[in-house]
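In this note's numbering, the protein residues as written are 2 to 437.
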């Protein structure tokens with residue numbers, strides 16, 4: 002028994018897996034708290050209000066993602082090797098994102114009748130309009146500070162922070178019920194973020210960053226991983242374009258459902274999405290840890306990729322299959338109508354997490370190797386195929402069509418990656434073996 006315990010402890014102390022498991026724990030806690038949040042919301046608010054606020058939250062997250070320029074990926078990629086420039090890097094990323102958030106948010110609110118006419122009931126007061134813009138600005142920092150902690154190899158603080166946010170937003174959901182009838186759910190989602198932004202950044206700049214600089218002061222980066230302004234700019238631009246495509250593919254779905262099927266159908270779809278998305282995020286959490294660790298251990302890239310893939314398969318495949326089986330029971334927790342209308346969609350979205358293993362790992366490796374053209378190609382293929390198929394299948398199959406579109410898109414792109422990459426990798430390993 003003791004050797005097994007020692008092996009487990011050694012495994013958990015390995016930064017690659019310790020930080021990955023912290024992020025996975027974060028997703029688990031977020032999933033449970035998300036269930037509670039939407040369960041309470043479904044009981045307290047009308048279905049149309051739930052659908053409208055779900056679309057507003059999704060839109061806010063999408064606009065914040067646009068404003069971040071995907072700099073979170075750059076933080077995870079370059080912060081481990083930034084050294085004394087780390088504080089300036091973090092500050093610059095925050096400033097750029099917040100300023101862009103103000104511009105993008107203001108433009109959206111001013112042109113809301115063009116891009117989001119269905120949301121007029123939400124933007125019916127100046128308070129909601131200004132609050133929406135401020136929410137985007139604060140949300141930018143809230144998301145980016147997670148990337149900072151991951152880049153500093155201190156991901157264990159991420160689940161603590163997000164658990165505090167999750168509990169607080171449920172509390173505000175109840176407190177604001179009779180205060181903000183059309184936007185209480187949105188406000189409850191955003192208000193707890195402000196104090197957390199101040200607390201977490203105090204922790205980052207006063208504790209985590211000095212500790213990171215001390216522990217990495219004697220390390221030298223691999224020659225291929227040195228930071229050059231031109232290469233960083235190219236990385237950020239192409240990575241952002243890829244992330245923007247991915248975020249658009251996600252954020253457009255609720256808007257498409259509202260436009261073609263109505264707010265009530267969007268409420269059913271959003272619950273299916275909420276329960277399936279954490280399964281997809283398991284792959285991203287493992288990949289983010291891979292990105293950070295290979296930044297300072299580039300020579301072990303092949304080893305880390307193989308270990309990460311094994312863990313993805315062992316973890317994600319059983320979880321996806323289990324969610325597929327339990328989908329009706331899970332949605333029934335929210336309401337009988339949600340189970341009746343959303344089960345097939347949830348099952349298909351859960352199954353799509355399996356091919357997502359391949360696409361996510363490939364994107365992570367391309368990010369580490371700075372092969373951003375390949376990354377952008379995969380992102381484009383996923384976004385175009387998933388949204389295009391959703392537009393085709395939504396009028397025919399309803400929200401089930403979106404689940405089917407997601408499964409077909411991810412399976413198709415994953416199949417192409419395997420067919421193209423596996424023979425090349427096998428040939429390369431054969432040559433390396435012959436040369437030894």
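Using N, Cα and C, we set each Cβ at its ideal position, and we do this for glycine too.
Count the CB pairs spanning the stretch 96 to 107 and the stretch 170 to 185 that are closer than 8 Å, and state whether there are at least three.
By the criterion of at least three beta-carbon pairs nearer than 8 Å, the stretch 96 to 107 is not in contact with the stretch 170 to 185.
Mind checking residue 185: buried by the 16 CB within 10 Å criterion, or exposed?
Result: buried.
Does the distance from the C-beta atom of residue 24 to that of residue 305 stay below 9 Å?
For residue 24 and residue 305, no; Cβs fall outside 9 Å.
From 205, 183, 410, 81, pick the residue whose C-alpha is nearest to that of residue 387; which is it?
When each option's Cα is compared against that of residue 387, the closest is 410.
In three-state terms, what does DSSP make of residue 193?
Coil at residue 193, not helix or strand.
Unbroken alpha helix (DSSP H) runs of length 4 or more, entirely within the stretch 23 to 54: which are they?
Segments of the alpha helix (DSSP H) lying fully in the stretch 23 to 54: there are none.
Does DSSP classify residue 263 as helix, strand or coil?
Here residue 263 sits in coil by DSSP.
Compute the Euclidean distance between the alpha carbons of residue 116 and residue 215, then round it to the nearest angstrom.
So the two alpha carbons sit approximately 49 Å from each other.
Flag this pair as yes or no: are the beta carbons of residue 198 and residue 146 separated by less than 9 Å?
Their beta carbons are under 9 Å apart, which means residue 198 touches residue 146 by this criterion.
By how many angstroms is the C-alpha of residue 374 removed from the C-alpha of residue 330?
Approximately 42 Å between the Cα atoms of the pair.
What's the C-alpha gap between residue 43 and residue 188?
Approximately 16 Å between the Cα atoms of the pair.
C-alpha distance - residue 150 paired with residue 397, whole-angstrom precision
The C-alpha of residue 150 lies about 44 Å from the C-alpha of residue 397.
Helix, strand or coil at residue 352 according to DSSP, with G and I counted as helix:
Reduced to three states, the DSSP call for residue 352 is helix.
Since residue 59 and residue 255 are thought to touch, with beta carbons under 8 Å apart, how far apart are those beta carbons, to the nearest angstrom?
With 8 Å as the limit, residue 59 and residue 255 qualify as a contact, their Cβ atoms being about 5 Å apart.
Measure from the alpha carbon of residue 102 to the alpha carbon of each residue in 66, 72, 87, 85, then state which is nearest.
It is 66.
For residue 422, tell me which candidate among 371, 363, 391 has the shortest Cα-Cα distance.
Ranked by Cα distance from residue 422, the first of 371, 363, 391 is 363.
8 Å CB neighbourhood of residue 165 in its chain, flanking five on each side removed:
Contacts found: 193, 197.
Who are the near neighbours of residue 393 in its chain, counting only those whose CB is closer than 8 Å to its CB and skipping five residues on each side?
Scanning its chain for C-beta atoms nearer than 8 Å, with the 5 sequence neighbours on each side dropped, one finds around residue 393 the residues 402, 406, in chain order.
Among the candidates 32, 389, 376, whose CA atom is the shortest distance from the CA of residue 238?
Cα-wise, what sits closest to residue 238 is 376.
Pairwise C-alpha distance: residue 71 and residue 212
If I take the Cα positions, the gap works out to 26 Å.
Going by C-alpha to C-alpha distance, which of 38, 63, 236, 61 sits closest to residue 51?
Considering only alpha carbons, the answer is 38.
Are the CB atoms of residue 277 and residue 316 within a distance shorter than 9 Å?
Taking 9 Å as the cut-off, the Cβ atoms of residue 316 and residue 277 do not count as close.
Which value, in whole angstroms, describes the spacing of the CA atoms of residue 94 and residue 68?
Those two C-alpha atoms are separated by around 10 Å.
Residue 184 (DSSP reduced to helix, strand or coil):
In the structure shown, residue 184 sits in coil (DSSP, three-state: anything other than H, G, I, E or B).
Which same chain residues, not among the five before or five after residue 310, have their C-beta less than 7 Å away from its C-beta?
Apart from the 5 residues on each side of it in sequence, residue 310 sits with its Cβ closer than 7 Å to the Cβ of 362 in its chain, given in chain order.
Interface flag, residue 279 vs chain C, CB-CB below 9 Å
The structure shown contains no chain C; it is built from a single protein chain.
Looking at the unbroken alpha helix (DSSP H) that takes in residue 318, where does it start and where does it end?
DSSP places residue 318 inside the alpha helix (DSSP H), whose first and last residues are 302 to 333.
Three-state secondary structure (DSSP) at residue 178?
Coil.
How do the stretch 71 to 86 and the stretch 151 to 162 stand: do at least 3 beta-carbon pairs fall below 8 Å, yes or no?
Segments in contact, yes.
Does the Cβ-Cβ distance between residue 418 and residue 269 come in under 9 Å?
Note that the C-beta distance between residue 418 and residue 269 is not below 9 Å.
Span of the alpha helix (DSSP H) around residue 92
Here the alpha helix (DSSP H) through residue 92 covers 87 to 111.
Given 8 Å as the limit, tell me if residue 245 has its C-beta closer than that to any heavy atom belonging to the ligand FMN.
Of the ligands one can find in the structure shown there are none, so the ligand FMN has no counterpart to examine.
Name the residue from 288, 34, 200, 415 whose alpha carbon lies nearest to the alpha carbon of residue 78.
That would be 288, whose Cα lies nearest to the Cα of residue 78.
Which whole-angstrom value is the C-beta distance of residue 321 and residue 280, which I expect to be below 8 Å?
Right, the Cβ-Cβ distance comes to about 5 Å (below 8 Å), so this counts as a contact.
Which value, in whole angstroms, describes the spacing of the CA atoms of residue 420 and residue 357?
Computed Cα separation, rounded: 15 Å.
Going by the beta-carbon positions, is the gap between residue 391 and residue 257 smaller than 9 Å?
Cβ distance < 9 Å, so residue 391 and residue 257 count as in contact.
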